[in-house]
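Asker:
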Amino acid sequence: MSITLGIFAAILLVTLAITYWAAKRTRTASDFYAADSRLTAAQNGFALAGDWCSAAAFLGFTGLTALYGMDGAFYALGPLVAFCTVLFFIAEPLRNTGKYTLGDVILYRMRNRTSLLAAVSGTMVVNFAYLMPQMAGAGALVKLLTGIPYNWAEVLVGASMIVYVAFGGMLATTWVQIVKAVLMLTAAAIILVMSLSLVGFNPLALFAGAETRNGPQFLLPGNYLKNPFDQISLGLGYLFGLAGLPHVMTRFYTVPDARTARRSVVWVMFLGGTFFLSTTLFGLAATSFVGQDAIRAADKGGNLTLPLLAQYLGGGPGSIGGDVMLGFVSAVAVATILAVVSGLTLSTSGAIAHDFYTLLTR
Amino acid sequence: MKRSGPMASHRASDNVAIANLIAAKVRVLAPMIVIYMVGYIGVTVLAGFARDFMALKVAGSLNVGFVLIALNYVVSWVLALVYVRVANTIFDPMVEQAVGVAKGDGGRR
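Each protein sequence line maps, in turn, to chains A and B.
Positions in the first sequence are counted from 1; adding 1 to them yields our numbering.
Positions in the second sequence are counted from 1; adding 269 to them yields our numbering.
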């Protein structure tokens, strides 16, 4: 417990230090909403990866694969393919026509207040729907890590988010997301290498292990998405849904031009895509090594699968290695939630402050 | 936000450089869009309605379904790289040319 508490405190301190540093550099509206549009493609690519890989990706995809096999792999594939839609249709025009929010683009194209109002409402509805589960997850994780009661954990996370965004704006949000992406990818690389080392670096052995342990039905589609149309519905949701997520789309205002915008999409497709692909292997590894019973015992939705796998790889419950790995992965999960929530908070504040202001003054 | 007048939109259609740019974009993007959409939605349709096919074993426990999923990753990555290459080498110079023509017309930007 003391290890996890230490790692959690370290992440909170680092992110607050970033906010302090960013606050000193945030002067104008353009600094606040778009980091003055001066990020490089790699910076924005890492930040996009930090923004887009939420706790649902980090914890959820692994759990779904461990419990339901192939359907979990479908959940992980969609978020990568969705970036093709963003790259081909959205990223460059968005960069060229908007300034701070999705509403900017709508207003530019439609030229009337009603459509801007619709964009503002859309942004707020989408962001609240996204924020709610992230905050619920954050509270549960902080409680698990530190023992702070759930209600106070919510207040702590919420208050620190407001501090990050209010003082640090897009610059702080961006660097929190970059730090989180680096932590997340490091954790993923360590877990991937350790998992594969147990099966002689042969990924096929992970499939064989999962099948032996759970039976042949496990590797087939339909264990989770039982109705055939659910599969297609999930696919369509991903394919067109990402392009409407305000907190991801506003990231394209942080780069200077269309060329950088498109290069940052390629960064996130390789960083995020590799990560999504890895979650499928993590799920298979967890189901063979940890087993579905232990996974369900910890959380019946499977959301603690990745921390449990890390603990197993570190040496199992009670060992020092196991505790360190469990603490590290859980802390990365918290960092993940902080990064996503700060992006959501910033884009919501843009919709309320910037778009409403435009509405009222025009 | 900055309103740059009517963006010379009524003139844009007369601008041959812009028409060429749009034609080039459609020519390159249309097949790419068809590939990734059919590839991805196709595999979800198979997962829903052709579960026996998805279950066919390819190597050891690895089945067709997982191979198609992996293939979708590769297709997305390859298309992204192709798009960026085409955009940098073909679209960008055409954009510059179109902007130049618009400026020559006394247009704005």
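Beta carbons: idealized from backbone N, C-alpha and C, even for Gly.
Report the neighbours of valine 379 (chain B) on chain A: residues whose CB is nearer than 7 Å to its CB, in chain order.
Answerer: The structure shown does not extend to residue 379 (chain B), since chain B is modelled only from 270 to 378, so the question has no answer here.
Asker: Against chain A, which members of the stretch 290-302 of chain B pass a CB distance test of less than 9 Å?
Answerer: The residues in question are Leu298, Met301, Ile302.
Asker: Near alanine 139 (chain A), what residues of its chain come up, given a Cβ to Cβ distance below 6 Å and the 5 sequence neighbours on each side ignored?
Answerer: Result list for alanine 139 (chain A): Val158, Ile338, in chain order.
Asker: Using beta carbons (cut-off 9 Å, strictly below), is glycine 317 (chain B) in contact with chain A?
Answerer: Chain A contact via Cβ: present.
Asker: Is there a Cβ from chain B that is less than 9 Å from the Cβ of asparagine 228 (chain A)?
Answerer: Yes, its Cβ sits closer than 9 Å to a Cβ of chain B.
Asker: List, in chain order, every chain B residue whose beta-carbon is nearer than 9 Å to that of leucine 81 (chain A).
Answerer: The answer, in chain order, is Asn341, Tyr342, Ser345, Trp346.
Asker: With a threshold of 8 Å, are at least 3 pairs of Cβ atoms found where one atom belongs to the stretch 321-328 of chain A and the other to the stretch 164-175 of chain A?
Answerer: No: the two stretches stay apart, fewer than three of their Cβ pairs being nearer than 8 Å.
Asker: Once the 5 residues before and after lysine 326 (chain B) are set aside, which same chain residues still bring their CB inside 7 Å of it?
Answerer: Counting only Cβ-Cβ distances below 7 Å, and skipping sequence neighbours, we find Asn332.
Asker: Which bits of chain B does alanine 74 (chain A) rub up against, with CB to CB less than 7 Å?
Answerer: Within 7 Å Cβ-Cβ: Phe335, Ile338.
Asker: Quick check on the burial criterion: 16 or more other C-beta atoms within 10 angstroms. Buried or exposed for glutamine 135 (chain A)?
Answerer: With 16 or more Cβ atoms within 10 Å of its Cβ, glutamine 135 (chain A) is classed as buried.
Asker: Sorted by chain position, which residues of the same chain lie with C-beta nearer than 7 Å to leucine 186 (chain A)'s C-beta, five sequence neighbours on each side aside?
Answerer: The answer, listed in chain order, is Leu272, Phe276.
Asker: With DSSP run on the structure shown, which of helix, strand or coil describes alanine 328 (chain B)?
Answerer: If DSSP states are grouped into helix, strand and coil, alanine 328 (chain B) belongs with the strands.
Asker: Measure the C-alpha to C-alpha separation of valine 1 (chain A) and leucine 337 (chain B) and round it to an integer number of angstroms.
Answerer: No answer is possible for residue 1 (chain A): the residues shown for chain A start at 2 and end at 363.
Asker: Would you list, in sequence order, the uninterrupted alpha helix (DSSP H) runs of no fewer than 4 residues that lie entirely inside the stretch 243-320 of chain A?
Answerer: Correct list: 247-250, 259-290, 293-299, 306-315.
Asker: Are the stretch 62-80 of chain A and the stretch 213-231 of chain A touching, with three or more C-beta to C-beta distances below 8 Å?
Answerer: Touching, per the Cβ criterion.
Asker: Output, in chain order, the set of chain A residues within a Cβ distance shorter than 9 Å of leucine 331 (chain B).
Answerer: Ordered by position in chain A, the residues that pass the 9 Å Cβ test against leucine 331 (chain B) are Pro204, Leu205, Phe208, Ala209, Leu220.
Asker: Do the CB positions of glycine 238 (chain A) and leucine 65 (chain A) come within less than 9 Å of each other?
Answerer: No.
Asker: What residues from the stretch 356-375 of chain B come within 8 Å of chain A, judged by C-beta to C-beta, listed N to C?
Answerer: Against chain A - using a Cβ distance shorter than 8 Å - the residues of the stretch 356-375 of chain B are Ala356, Asn357, Asp361.
Asker: Can you tell which of A:Phe84, A:Thr5, A:Val333 has the C-alpha that lies nearest to the C-alpha of isoleucine 179 (chain A)?
Answerer: Considering only alpha carbons, the answer is A:Val333.
Asker: Give me the residue from B:Gly311, B:Ser345, B:Trp346 with the minimum Cα distance to glycine 334 (chain B).
Answerer: When only C-alpha atoms are compared, the closest one is B:Gly311.
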